[in-house]
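Student: Numbering (my numbering), first residue to last: 3 to 103.
Built from N, CA and C at the ideal position, the CB exists for glycine as well.
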Amino acid sequence: MTGALSPAPVVVLDEIDSTNAEARRRAEAGEAGPVWLLGLRQSAGRGRRGRAWETGEGNLAPTLLFSTDKPPAEAAQVSFVAALAVADLLAAYVPASLVSL
Numbered sequence: 003m004t005g006a007l008s009p010a011p012v013v014v015l016d017e018i019d020s021t022n023a024e025a026r027r028r029a030e031a032g033e034a035g036p037v038w039l040l041g042l043r044q045s046a047g048r049g050r051r052g053r054a055w056e057t058g059e060g061n062l063a064p065t066l067l068f069s070t071d072k073p074p075a076e077a078a079q080v081s082f083v084a085a086l087a088v089a090d091l092l093a094a095y096v097p098a099s100l101v102s103l
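1. For VAL14, which option in ALA89, ALA94, LEU62 and PHE68 has the closest C-alpha, if you only look at C-alpha atoms?
2. Which class does GLY56 belong to by DSSP, given the choice of helix, strand or coil?
3. Answer with buried or exposed for ALA84, where buried requires no fewer than 16 other C-beta atoms within 10 angstroms of its C-beta.
4. Going by DSSP in three states, SER81 sits in which element: helix, strand or coil?
5. Which residue from PRO74, THR70, ALA34 and GLY58 puts its Cα closest to that of GLN44?
6. Cα separation between PRO9 and ALA54?
7. If you drop the 5 nearest sequence neighbours on each side, which residues of the same chain put their C-beta closer than 6 Å to that of LEU66?
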């Protein structure tokens with residue numbers, strides 16, 4: 003991952019179809035990142051197994067676009083590691099009553 007320890011810029015989008023779709027569009031246009039895409043409202047997001055994922059105000063819908071030289075199977079593991087890190091962070095600093103998955 004290039005620039006892994008450097009702060010990545012954050013692009014805040016008031017409304018977006020999907021932060022993942024936007025990352026794909028940017029990657030297909032040649033952008034390599036790293037860049038965070040943050041949707042304040044997401045109208046056509048995708049969840050696991052292709053399920054619809056809408057995000058209203060007050061929810062967090064970020065996507066990190068970055069490039070890596072790792073093979074796809076290894077690169078995909080980054081999502082799981084990141085999810086565990088976020089879960090640990092939330093458990094340590096946010097009351098459980100404010101968190102829902």
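Tutor: If we stick to the structure as given:
1. LEU62
2. As written in the sequence, residue 56 is Glu, which differs from the Gly given in the question. The answer is strand: DSSP assigns GLU56 an E or B state.
3. exposed
4. helix
5. GLY58
6. 31 Å
7. TRP38
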